[in-house]
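Protein chains in written order, with our numbering: chain A, 9 to 319; chain B, 519 to 808.
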Amino acid sequence: MDVIRTNSLTKTYDGKGGISDISLSIGEGTIYGFLGPNGSGKSTFVRTLLGLLKPTSGEGFILGEPIGSIKSREQAGYLPELFRYPDWLTGKQLLERHAELCKIPVRQRKTRIEEVVELVGMSSREKGKIGGFSKGMAQRIGLACAILNDPKVIFLDEPTSALDPIGRKDVRDLMVYLRDQGKTVFLNSHLLHEVESVCDNVSIIHEGDMIAQGPWRELMQIEAQIEIITDHPEDIQWPSFVSHSRKLGQQGTRTTWNIQFGDELDIPRMIHYLSERRISVYEVRQITPHLEDVFLHWVNRKKENSYVGNH
Amino acid sequence: MWAITKITIHEVISKRIFLFTVIMTFVFLSLYGTAIYFAGRETSNMGPEVMEGPEAVLMQQFVASQMLGAGLYFSSFIASLLAIMSSVSAISGEVASHQIDTWLMRPISRAQFVLGKFVGLTVLMMAYVIALFFSVIAIHQGIGVDWLALDLQPMQMVKAAGVFAIQPFVLIAFGILLSTRMTTLNAGIISIVLYGAAFIGGFIEQFGAVLEKTALVNVGIIMSLVYPVDSIYRKMTTLLFVTTDSPLAFAQGGLFTSISSPSNLLIGYAVFYGIIVLALAVYSFKNRDV
Chain A
9 MDVIRTNSLT KTYDGKGGIS DISLSIGEGT IYGFLGPNGS GKSTFVRTLL
59 GLLKPTSGEG FILGEPIGSI KSREQAGYLP ELFRYPDWLT GKQLLERHAE
109 LCKIPVRQRK TRIEEVVELV GMSSREKGKI GGFSKGMAQR IGLACAILND
159 PKVIFLDEPT SALDPIGRKD VRDLMVYLRD QGKTVFLNSH LLHEVESVCD
209 NVSIIHEGDM IAQGPWRELM QIEAQIEIIT DHPEDIQWPS FVSHSRKLGQ
259 QGTRTTWNIQ FGDELDIPRM IHYLSERRIS VYEVRQITPH LEDVFLHWVN
309 RKKENSYVGN H
Chain B
519 MWAITKITIH EVISKRIFLF TVIMTFVFLS LYGTAIYFAG RETSNMGPEV
569 MEGPEAVLMQ QFVASQMLGA GLYFSSFIAS LLAIMSSVSA ISGEVASHQI
619 DTWLMRPISR AQFVLGKFVG LTVLMMAYVI ALFFSVIAIH QGIGVDWLAL
669 DLQPMQMVKA AGVFAIQPFV LIAFGILLST RMTTLNAGII SIVLYGAAFI
719 GGFIEQFGAV LEKTALVNVG IIMSLVYPVD SIYRKMTTLL FVTTDSPLAF
769 AQGGLFTSIS SPSNLLIGYA VFYGIIVLAL AVYSFKNRDV
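(1) Counting along the chain, where does the beta strand (DSSP E) carrying E67/A start and finish?
(2) What residue does the beta strand (DSSP E) around T375/A start on, and which one ends it?
(3) Note down the Cα distance separating D763/B from L576/B, rounded to an integer number of angstroms.
(4) Under 7 Å, Cβ to Cβ, is there at least one residue of chain B near R120/A?
(5) Distance, Cα to Cα, R13/A vs V606/B?
(6) G26/A: which of G44/A, S48/A, K255/A, V203/A sits nearest, CA to CA?
(7) When DSSP builds the beta bridges, which residues end up paired with S211/A?
(8) Please report the distance separating the alpha-carbon of G662/B from that of L549/B.
(9) Which chain B residues are close to C110/A, counting only those with a beta carbon under 9 Å from its beta carbon?
(10) Could you check whether the stretch 81-101 of chain A touches the stretch 51-65 of chain A, counting it as contact only if at least three pairs of C-beta atoms, one from each stretch, sit closer than 8 Å?
(11) Only counting the same chain, and skipping five residues up and downstream in sequence, which positions put a Cβ closer than 7 Å to that of R225/A?
(12) Count the other C-beta atoms from every protein chain shown that fall within 10 angstroms of the C-beta of N196/A, then say buried if there are 16 or more, exposed otherwise.
(13) Tell me where the beta strand (DSSP E) around K255/A begins and ends.
(14) Distance, Cα to Cα, I295/A vs E231/A?
(15) Can you tell me the Cα-Cα spacing of L695/B and L796/B, whole angstroms?
(16) Can you round the beta-carbon distance between Y745/B and A705/B to whole angstroms, since I take them to be within the 8 Å contact cut?
(17) Measure from the alpha carbon of M218/A to the alpha carbon of each residue in L156/A, D22/A, I30/A, then state which is nearest.
(18) Using three-state DSSP, classify T775/B as helix, strand or coil.
(19) What do you get for Q233/A, buried or exposed, if any count of 16 or more other CB atoms within 10 angstroms of its CB means buried?
(20) Leaving aside the five residues before and after G611/B along the sequence, list all residues of the same chain whose C-beta is less than 6 Å from its C-beta, in chain order.
(21) How long is the line joining the alpha carbons of T640/B and A788/B, rounded to whole angstroms?
(22) Suppose you measure from the CA of K135/A to the CA of G99/A; what does that come to, to the nearest Å?
(23) Is the Cβ of A521/B closer than 7 Å to any Cβ of chain A?
(24) Mind listing the chain A neighbours of V516/B? Cutoff is C-beta to C-beta under 8 Å, in chain order.
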């Protein structure tokens with residue numbers, strides 16, 4: 009069963025902004041990245057799934073239950089982007105209140121609270137007032153809240169925004185730990201490296217539209233790119249499957265080129281092409297595209313498609 | 519729902535405003551006690567021409583009713599402002615700060631959230647109003663025992679306190695309704711203006727009854743229907759003070775009591791009004807984004 013499924017889920021504000029026509033399905037035991045720049049609609053999507061916003065159209069399900077229903081939230085946890093917790097409560101009191109709302113049996117509450125506090129690295133600090141917490145501590149206690157009820161699906165909206173590098177690593181480790189426990193983690197982030205480091209599958213969202221989705225490795229293969237060193241100092245007549253070539257430098261008779269293809273399979277074809285023409289190759293190195301390039305590639309592709317579609 | 523009620527009560531008690539309220543209430547009661555003490559002493563020191571005969575009885579009733587009426591009126595004013603201020607931010611404040619997000623994503627309904635808030639605030643405010651009511655009565659009867667004390671029966675006081683406690687019920691329900699759709703500031707302004715209008719309507723109605731001007735009485739009745747707060751207060755005073763439809767009764771009780779007793783139907787209407795407004799608040803909050 010899909011843990012999260014949406015069909016053309018749309019949420020707009022007076023016909024503007026928000027998210028449009030988002031369809032996706034996410035299975036169990038995965039970390040799913042929802043990637044997009046600030047203001048692209050990531051938080052709107054999560055807030056709609058959790059019933060905080062009413063969808064304009066479309067439908068969505070969490071663990072088979074329609075979004076907005078009480079049942080759909082029984083097995084969910086959530087760390088909002090704008091995490092604000094009552095400053096008059098202590099961290100422990102906050103967790104106790106949430107435990108009560110989640111209907112965690114009274115006898116299990118103390119143990120569970122101790123567990124989650126330790127998991128987020130807040131042991132011995134949970135008795136302080138939230139008003140006296142740093143942003144990082146508040147985010148950690150928010151994380152503890154999100155996993156308190158041992159949910160099957162956890163929505164984390166920019167979960168490392170207030171954390172230092174050690175804290176960010178702790179959160180990444182926590183996400184992996186949760187996935188290994190069979191949980192589904194839905195990670196909202198505008199940080200490409202954060203998504204890359206932990207996510208199995210990814211959706212890219214831009215201006216409320218989903219512009220790409222799939223396994224992260226596949227989305228990364230936007231183009232094949234190599235750096236190649238040949239003994240041919242002059243311009244080479246490149247084959248038609250080369251989409252772009254650039255001379256990077258020359259040392260003696262050896263020339264370094266940057267070559268781009270539409271497909272990874274073009275790389276061996278390229279080697280074959282050069283050897284047929286008796287051009288010596290000293291080095292071939294595949295270049296991984298910059299993450300920003302990947303994102304911009306999909307954004308631009310979407311724009312081009314809509315431009316074509318509009319004419 | 520009870521979890522939200524507990525959170526609400528905990529929130530109110532934890533905030534500094536609660537401490538200030540308690541302190542300022544003691545300040546008010548102390549001032550009131552001082553006033554009663556001096557009023558009792560000064561009036562009892564008046565000469566025998568004032569202190570004896572039927573005029574003395576009238577004078578005693580007049581001063582005692584005025585003093586107790588003023589104390590209760592100011593108590594009603596403080597309690598009403600507190601009820602308004604605590605309720606108009608109940609939802610909007612949490613929405614604005616986004617604190618509501620993590621509460622509402624839990625397996626609770628919007629109705630449970632609104633009702634939990636309402637019950638928490640109402641329980642606290644009712645307890646406050648009843649405590650204030652009996653404190654004022656105790657100070658008045660205790661300190662003014664020689665001369666100012668009125669003949670109040672226990673059941674009379676219990677009934678009056680019960681009616682008085684309906685006031686925060688209505689005010690909080692209305693405040694929460696506004697809070698589901700408006701900012702705290704806007705909801706506060708509307709509530710306070712309506713509260714003021716209701717009391718002015720009440721005074722106008724009292725004058726209308728004395729002067730036998732139907733139009734003035736109708737203004738008061740309309741305000742009582744729009745925002746039935748004044749009628750609750752007036753009903754409470756009629757349960758404590760002697761009321762007759764005469765200018766004498768008005769002169770005796772002054773502006774802080776009632777010349778005639780509002781009907782029980784109006785009290786029933788106030789309770790019904792509160793319930794309907796609360797139902798509207800639930801409906802309104804159910805259908806909004808947060």
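Ideal Cβ placement from N, Cα and C applies to all residues, glycine included.
Inspection of the coordinates gives the following:
(1) Per DSSP, the unbroken beta strand (DSSP E) holding E67/A starts and ends at 65-70.
(2) Shown here, chain A extends from 9 to 319; a query on residue 375/A therefore has no answer.
(3) Model confidence at D763/B stands at a pLDDT of 49, short of 50, so the residue's coordinates are unreliable; what they give is reported in the following sentence. Taking the straight line joining both Cα atoms gives about 17 Å.
(4) R120/A does not count as touching chain B.
(5) A straight-line Cα-Cα distance of about 38 Å links R13/A and V606/B.
(6) The shortest C-alpha separation from G26/A is found at S48/A.
(7) Per DSSP, F42/A, Q221/A.
(8) Those two C-alpha atoms are separated by around 14 Å.
(9) Chain-ordered, the chain B residues with CB closer than 9 Å to the CB of C110/A read R624, P625.
(10) Per the Cβ contact rule, the stretch 81-101 of chain A is in contact with the stretch 51-65 of chain A (3 or more Cβ pairs under 8 Å).
(11) Excluding its 5 nearest sequence neighbours in each direction, R225/A has no C-beta neighbour in its own chain below 7 Å.
(12) Around the C-beta of N196/A, 16 or more other C-beta atoms lie within 10 Å, and the residue is accordingly described as buried.
(13) Run containing K255/A: 250-259, per the beta strand (DSSP E) assignment.
(14) Their Cα atoms are separated by approximately 10 Å.
(15) Distance between the alpha carbons of L695/B and L796/B: 7 Å.
(16) With 8 Å as the limit, Y745/B and A705/B do not qualify as a contact, their Cβ atoms being about 14 Å apart.
(17) Of L156/A, D22/A, I30/A, the residue nearest in Cα terms is I30/A.
(18) Correct three-state label for T775/B: coil.
(19) With 16 or more other Cβ atoms within 10 Å, it is buried.
(20) Counting only Cβ-Cβ distances below 6 Å, and skipping sequence neighbours, we find T702.
(21) So the alpha carbons of these two residues sit roughly 15 Å apart.
(22) Rounded to whole angstroms, K135/A to G99/A spans 6 Å at the Cα level.
(23) It does; some Cβ of chain A falls within 7 Å.
(24) Because chain B here runs from 519 to 808, residue 516/B falls outside it and cannot be looked at.
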